[in-house]
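K.L.:
Chains as they are written, first to last, in our numbering: chain R, 35 to 480; chain Y, 52 to 366.
Have a look at this one before I ask anything.
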């Protein structure tokens with residue numbers, strides 16, 4: 035008869051591995067995702083391509099009536115309080131606290147793997163207190179992590195039932211974490227966390243903020259940071275919709291709005307969003323096809339902005355990773371979308387290449403066109419998008435056949451050439467031109 | 052990236068016998084495909100016509116193609132391009148071929164010839180992948196590259212470094228200098244291109260690159276490689292199976308078989324007229340009336356049907 039070996043994980047191994055690759059920022063965004071998911075369920079937010087066209091249902095009319103998420107961060111306490119509808123007791127019992135059990139048929143949510151909430155709280159601290167109320171019921175769970183982790187055989191979490199919320203507007207969840215992990219305290223005190231976090235929230239949820247909910251960070255309202263896409267009458271972006279194995283993919287490629295005649299290179303590149311949440315921003319790498327299906331990203335392409343929206347009622351079908359900060363390169367949906375992305379981007383990069391020939395002295399018609407680009411919201415972008423980015427025809431005689439060549443040369447070498455040529459009064463530029471022409475004539479005679 | 056033009060100044064495009072034989076062989080295959088039901092006449096031909104448009108003239112005259120697009124990158128010869136346009140229905144675009152590929156209609160079947168006259172680089176591989184992805188099922192894709200060792204990278208080791216940089220993800224693990232000797236280079240570059248083609252077609256519902264051509268020939272002092280095939284699914288594959296290629300040996304349906312080498316022996320006009328009377332000859336045959344090696348006799352047998360006649364006209 036066979037005997038058995040004990041291969042069960044210890045809880046501390048489990049917790050360590052879950053939280054190891056997660057940054058504190060990602061953990062906090064996981065908690066925001068969790069609150070937004072409550073809202074998606076309770077308000078039946080239509081997270082689909084309609085979200086982009088401002089026709090989404092469930093949108094509260096009044097700004098001051100928007101559901102809120104408040105995040106309080108200090109080096110002794112971390113707290114997220116939302117008024118997003120709460121977690122009902124049945125879901126809490128069967129799904130919310132169960133590791134790796136994503137709810138079946140849950141809709142177009144931001145939660146995917148049944149892991150975000152648990153992982154986030156373990157990342158942040160050791161004393162966890164969660165309280166939630168829906169209009170139907172309420173509960174409270176308190177977890178002392180070291181104590182709970184001490185017993186590998188018992189995975190249960192005791193909870194208390196509480197009174198229901200007095201109305202839908204009051205329904206919500208509070209997560210309070212104390213006895214913060216040393217790493218968390220260190221990050222909170224290093225002075226860079228809050229500014230970065232505000233930026234992350236402003237970008238990641240730009241489609242949700244101010245329309246469906248508000249987020250406050252230590253009492254400060256986070257303003258959405260819209261995607262930098264711009265438009266003018268003559269330069270509407272290109273747009274394309276695909277259906278890849280049931281995942282709806284909306285692609286937009288065009289030019290960013292200009293500020294003081296300049297583009298911000300930091301914001302250029304591809305933005306990838308899954309169910310409305312930004313997963314990758316301003317990507318200029320091979321991840322989004324640069325250097326593989328399109329030429330490598332170079333600084334003259336800094337006006338390019340592309341957005342790939344992926345929507346699915348089955349969040350696991352979307353190409354995001356568990357941290358939601360990266361893309362699953364093996365995903366067939368993404369592999370296919372990436373080629374379409376490069377394809378739709380090409381006419382935009384061609385425009386930018388024409389706009390920046392190497393000789394900047396030329397009066398380039400593309401620049402005048404680019405100066406008219408204005409920031410626009412997504413619904414306007416999608417209304418005006420054309421299948422192919424097609425800038426107005428620029429007469430070709432304006433195109434330059436020349437390119438300016440500049441380089442540093444050793445003074446002594448330039449002087450030696452002048453002496454050899456008996457042209458002591460020639461400037462360095464003239465020497466440069468002469469030597470260039472000499473090469474052309476002797477090595478590449480026509 | 053090297054300028055895609057320039058060789059039009061070095062080689063007289065209309066006087067390149069091996070290139071012309073290659074074009075004629077490709078057209079022969081396209082004619083056989085027409086007989087097997089491919090509507091080649093309705094295809095659009097997109098190529099890099101330079102100022103000679105030789106391929107455009109053949110495709111229009113011999114295959115009846117009416118949609119013809121020539122792409123030229125060199126803005127300095129805009130007027131020459133326009134001036135030399137052989138037929139009214141040849142359209143020209145002054146831009147890079149890479150910018151044109153994503154705009155090729157998916158409603159239309161294409162013959163796209165990426166007829167580069169310089170050594171393989173990253174930009175070509177991007178064009179190749181995007182063409183393999185973009186072209187509609189049933190389209191024909193041809194890619195030609197210069198096989199000469201890149202300037203400054205003449206040794207196999209340096210040559211390997213060059214292709215490792217340019218080939219990126221298409222450079223295979225385990226390759227050594229042996230793959231980059233002049234004799235091994237054709238198969239190695241063909242592998243790099245096939246990897247790029249596979250990356251381009253991966254994820255397409257069922258379309259893949261069905262190999263048809265792998266030519267090696269000499270253009271002036273430059274050895275050249277052409278790879279060609281059909282973007283097709285099972286339907287196109289069985290349609291290709293129905294094509295009669297039994298009497299020609301230059302078709303390469305199997306992508307691992309070595310390239311077909313086009314060799315055009317140097318012969319006088321009088322010698323050619325003489326040899327033609329005995330064509331096709333059997334292996335080992337040599338003419339009685341002048342010296343010609345058995346190899347050259349065989350080379351001539353392989354190409355005589357496709358070999359152009361050049362003559363000086365005094366007008």
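A virtual CB, placed ideally from N, CA and C, is assigned to each residue, including glycine.
1. Assuming contact is defined by CB atoms lying nearer than 9 Å, are residue 13 of chain Y and residue 118 of chain Y in contact in what I supplied?
2. From what residue to what residue does the beta strand (DSSP E) around residue 180 of chain R run?
3. Assign residue 341 of chain Y to buried or exposed, taking buried as 16 or more other Cβ atoms, counted over all protein chains shown, within 10 Å of its Cβ.
4. With distance defined between alpha-carbon atoms, name the residue in R:246, R:256, R:225, R:220 nearest to residue 236 of chain R.
5. DSSP puts residue 279 of chain Y in a beta bridge; with which residues?
6. What residues from the stretch 374-387 of chain R come within 9 Å of chain Y, judged by C-beta to C-beta, listed N to C?
7. On the CB-based measure, 16 or more other CB atoms within 10 Å of its CB, does residue 91 of chain R come out buried or exposed?
8. As a quick exercise: from R:232, R:159, R:266, pick the residue whose alpha carbon is nearest that of residue 411 of chain R.
9. Just the Cα atoms here: how many angstroms apart are residue 479 of chain R and residue 470 of chain R?
10. Could you tell me if residue 437 of chain R is buried or exposed, where buried requires 16 or more neighbouring beta carbons within 10 angstroms of its beta carbon?
11. Starting from the C-beta of residue 295 of chain R, find all residues in its chain whose C-beta is less than 7 Å away, skip the five residues before and the five after it, and write them out in chain order.
12. Since residue 293 of chain R sits in a beta bridge, which residues does DSSP pair it with?
13. Under the three-state reduction of DSSP, which class applies to residue 210 of chain Y: helix, strand or coil?
14. Under a Cβ-count criterion, where at least 16 other Cβ atoms within 10 Å of its own Cβ denotes burial, should residue 420 of chain R be classed as buried or exposed?
15. Determine, using beta carbons only, whether residue 150 of chain Y comes closer than 9 Å to chain R.
16. Counting only C-beta atoms, is residue 338 of chain Y closer than 9 Å to chain R at any point?
17. Which of the three DSSP states is assigned to residue 255 of chain R in this structure?
18. Got a sec: is the Cβ-Cβ distance from residue 177 of chain Y to anything in chain R below 9 Å?
19. Which class does residue 305 of chain R belong to by DSSP, given the choice of helix, strand or coil?
20. As a quick exercise: from R:146, R:128, R:173, R:334, pick the residue whose alpha carbon is nearest that of residue 383 of chain R.
21. Quick check: what's the CA-CA separation for residue 441 of chain R versus residue 461 of chain R?
22. On the three-state DSSP scale, how would you describe residue 99 of chain Y?
23. Residue 317 of chain R and residue 304 of chain R: beta carbons closer than 9 Å?
24. Is it buried or exposed for residue 64 of chain R, if we count other Cβ within 10 angstroms and need 16 for buried?
25. Out of R:46, R:78, R:106, state which residue places its alpha-carbon closest to the alpha-carbon of residue 252 of chain R.
26. Listing by chain order, which chain R residues have their CB less than 9 Å from the CB of residue 181 of chain Y?
27. Is residue 422 of chain R close to chain Y, meaning its C-beta is less than 9 Å from at least one C-beta of that chain?
28. Can you tell me the Cβ-Cβ gap for residue 276 of chain R and residue 371 of chain R, rounded? I've got them flagged as a contact below 8 Å.
29. Could you spell out the range, first to last residue, of the beta strand (DSSP E) harbouring residue 102 of chain R?
30. Please confirm whether residue 370 of chain R has its beta-carbon closer than 9 Å to some beta-carbon of chain Y.
31. According to DSSP, which residues form a beta bridge with residue 238 of chain Y?
32. According to DSSP, is residue 409 of chain R helix, strand or coil?
33. Considering Cα atoms alone, identify which of R:214, R:99, R:133, R:344 is closest to residue 48 of chain R.
34. Are the stretch 196-203 of chain R and the stretch 178-188 of chain R touching, with three or more C-beta to C-beta distances below 8 Å?
35. When burial is assigned at 16 or more other CB atoms within 10 Å of the CB, is residue 364 of chain Y buried or exposed?
36. Name the chain Y residues that come within less than 7 Å of residue 475 of chain R, Cβ to Cβ?
P.N.:
On the basis of the supplied data:
1. In the structure as shown, chain Y starts at 52 and stops at 366, and residue 13 of chain Y therefore has no counterpart that could be examined.
2. Note, residue 180 of chain R: premise wrong, no beta strand (DSSP E); alpha helix (DSSP H) at 179-184.
3. exposed
4. Selected option, being the one with the closest Cα: R:256.
5. Y:193, Y:264
6. 374, 376, 377, 378, 379, 380, 381, 383, 384, 387
7. With a pLDDT of only 49 at residue 91 of chain R, under 50, the local geometry of the prediction cannot be trusted, and the value read off the model is given with reservation. So residue 91 of chain R ends up on the exposed side.
8. The shortest Cα separation from residue 411 of chain R among R:232, R:159, R:266 belongs to R:266.
9. So the two alpha carbons sit approximately 13 Å from each other.
10. exposed
11. 405
12. R:296
13. helix
14. Under this definition residue 420 of chain R is an exposed residue.
15. yes
16. no
17. strand
18. yes
19. Residue 305 of chain R carries a strand assignment under DSSP once its states are collapsed to helix, strand and coil.
20. That would be R:334, whose Cα lies nearest to the Cα of residue 383 of chain R.
21. In this structure, the alpha-carbon of residue 441 of chain R lies about 14 Å from that of residue 461 of chain R.
22. Looking at residue 99 of chain Y - three-state DSSP - the assignment turns out to be coil, as it is neither helix nor strand.
23. yes
24. Under the 10 Å beta carbon count, residue 64 of chain R is surrounded by 16 or more other beta carbons and is classified as buried.
25. Residue nearest to residue 252 of chain R within the set R:46, R:78, R:106 is R:106 (criterion: CA-CA distance).
26. 327, 328, 373, 376, 377, 380
27. In terms of beta-carbon proximity, residue 422 of chain R lines the interface with chain Y, with at least one pair separated by less than 9 Å.
28. 7 Å
29. 102-107
30. yes
31. In the DSSP output, where bridge partners are listed per residue, residue 238 of chain Y has none listed.
32. strand
33. R:133
34. no
35. exposed
36. What residue 475 of chain R touches in chain Y: nothing, since even the nearest Cβ is about 14 Å away.
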